[in-house]
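Enquirer: In this note's numbering, the protein residues as written are 58 to 276.
1) Quick check: the Cα distance between residue 257 and residue 266, rounded to an integer number of angstroms?
2) Could you work out which residue in 115, 74 and 255 is closest to residue 166 when comparing CA atoms only?
3) Put residue 191 into one of helix, strand or coil per three-state DSSP.
4) Looking at the structure shown, is residue 210 part of a helix, part of a strand, or coil, going by DSSP?
5) Could you pull out every residue in the same chain whose Cβ sits closer than 7 angstroms to the Cβ of residue 276, ignoring the five residues on either side in sequence?
6) Does residue 72 come out as helix, strand or coil in the three-state DSSP assignment?
7) Give, in chain order, every unbroken run of the alpha helix (DSSP H) that is at least 4 residues long and sits entirely within the segment 103 to 169.
8) Please classify residue 170 as buried or exposed, where buried requires at least 16 other C-beta atoms within 10 Å of its C-beta.
9) What would DSSP say about residue 254, mapped onto helix, strand or coil?
10) Are the beta-carbon atoms belonging to residue 261 and residue 148 less than 7 angstroms from one another?
11) Does the separation of the CB atoms of residue 161 and residue 186 fall below 7 angstroms?
12) Taking contact to mean at least 3 C-beta pairs separated by less than 8 angstroms, is the segment 197 to 211 in contact with the segment 117 to 129?
13) Roughly how many whole angstroms lie between the Cα atoms of residue 213 and residue 235?
14) According to the neighbour-count rule (16 or more other Cβ atoms, all chains shown, within 10 Å of its Cβ), is residue 146 buried or exposed?
15) Count the C-beta pairs between the segment 237 to 245 and the segment 129 to 140 that are closer than 8 angstroms, then say yes if the count reaches three, no if not.
16) Tell me which residue opens and which closes the alpha helix (DSSP H) that residue 241 is part of.
17) First and last residue of the beta strand (DSSP E) that includes residue 316?
18) Which residues does DSSP pair with residue 219 in a beta bridge?
19) Bridge partners of residue 81, per DSSP?
20) Please classify residue 67 as buried or exposed, where buried requires at least 16 neighbouring CB atoms within 10 angstroms.
21) Classify residue 275 as helix, strand or coil using the three-state DSSP reduction.
22) From residue 74 to residue 230, what distance separates their C-alpha atoms?
Set out below in structure tokens:
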């Protein structure tokens, strides 16, 4: 029986066209050049290497530069969210209709997540934000521990969760733990389900129809 809907945050609950994720990426590069003294080229190369080795930049920076995670997270998310996002009344209404409790699972931090949810006007729908701190900075998506820890914090088994994300590799890792997976494609689908993806929808609004089918509701 399904008991929880677990949503990624960035570029899952809002679209890539907002520019917010790109702005965060620019802040990551700026952190590496200003705080660590790397050249722009070296910062880009390090980010690519960290993405391959660790999945995200923060664990690599902590391992190689002893970066303070709080300083890093505060810096890279120091952005005027209202310049990128507006309240989403359709998303708010859709989330209100979903019949299962909902939580956030993100490699970001709770402060950034809270600002995004508040700006979108949907914060009230989520019982928890399971962020990179809750995952001890190193047990982040797509590591198996991220999904195991999320289920533990929610008091459910992984196979009682639906996980919604925009990145297929995060979804495949969740599927390996027994979660049902929904891929938010933002129009990037090629007609084939990626490995580990159970369902696809162009944007978060399509989650409602999929969940209704999963729990046997009449659409």
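Every residue gets a Cβ at the ideal spot worked out from N, C-alpha and C, and that includes glycine.
Expert: With the structure as the only source:
1) Along the chain shown, read from residue 1 onward, the residue named residue 257 stands at position 200. Along the chain shown, read from residue 1 onward, the residue named residue 266 stands at position 209. Cα-Cα distance, rounded: 11 angstroms.
2) Counting from one through the chain shown, the residue named residue 166 turns up at place 109. Cα-wise, what sits closest to residue 166 is 115.
3) Mapped onto the chain shown, residue 191 falls at position 134. Looking at residue 191 - three-state DSSP - the assignment turns out to be coil, as it is neither helix nor strand.
4) On the chain shown, residue 210 is found 153 positions in, with the first residue counted as 1. Helix.
5) Within the chain shown, numbered from 1, the residue matching residue 276 stands at position 219. Note that residue 276 scores a pLDDT of 42, beneath 50, so its modelled location is shaky and nothing firm can be said.
6) Here residue 72 is taken as the residue at index 15 of the chain shown, counted from 1. DSSP places residue 72 in coil when its eight states are reduced to three.
7) 114 to 122, 126 to 133 and 146 to 154
8) What you label residue 170 is simply residue 113 of the chain shown in a count that begins at 1. So residue 170 ends up on the buried side.
9) Position 197 of the chain shown holds residue 254. If DSSP states are grouped into helix, strand and coil, residue 254 belongs with coil.
10) Position 204 of the chain shown, counted from the first residue, corresponds to residue 261. Position 91 of the chain shown, counted from the first residue, corresponds to residue 148. In contact: residue 261 and residue 148 (Cβ atoms closer than 7 angstroms).
11) Start at 1 with the first residue of the chain shown, and residue 161 comes out as number 104. Start at 1 with the first residue of the chain shown, and residue 186 comes out as number 129. Yes, the Cβ-Cβ distance between residue 161 and residue 186 is below 7 angstroms.
12) no
13) Working through the chain shown from its first residue, we reach residue 213 at position 156. Working through the chain shown from its first residue, we reach residue 235 at position 178. Straight-line Cα distance between these residues: approximately 12 angstroms.
14) Working through the chain shown from its first residue, we reach residue 146 at position 89. Its Cβ having fewer than 16 others within 10 Å, residue 146 is exposed.
15) no
16) In the chain shown, counting from the first residue as 1, residue 241 sits at position 184. First-last for residue 241: 237 to 241, but that is the beta strand (DSSP E), not the alpha helix (DSSP H).
17) Because the chain is modelled from 58 through 276, residue 316 falls outside the range shown and cannot be assessed.
18) For the purposes of this step, residue 219 is identified with residue 162 of the chain shown, where counting begins at 1. Beta-bridge pairing links residue 219 to 62 and 237.
19) Numbered from 1 along the chain shown, position 24 holds the residue referred to as residue 81. DSSP, once it has assigned bridges, lists no residue as partnering residue 81.
20) Indexing the chain shown from 1 puts residue 67 at position 10. Looking at its Cβ environment, which holds 16 or more other Cβ atoms inside 10 Å, residue 67 is buried.
21) What you label residue 275 is simply residue 218 of the chain shown in a count that begins at 1. Per-residue confidence for residue 275 stands at a pLDDT of 44, beneath the threshold of 50, marking its modelled position as unreliable; the derived number appears in the next sentence. Coil at residue 275, not helix or strand.
22) Indexing the chain shown from 1 puts residue 74 at position 17. Indexing the chain shown from 1 puts residue 230 at position 173. Between residue 74 and residue 230, the C-alpha separation is close to 26 angstroms.
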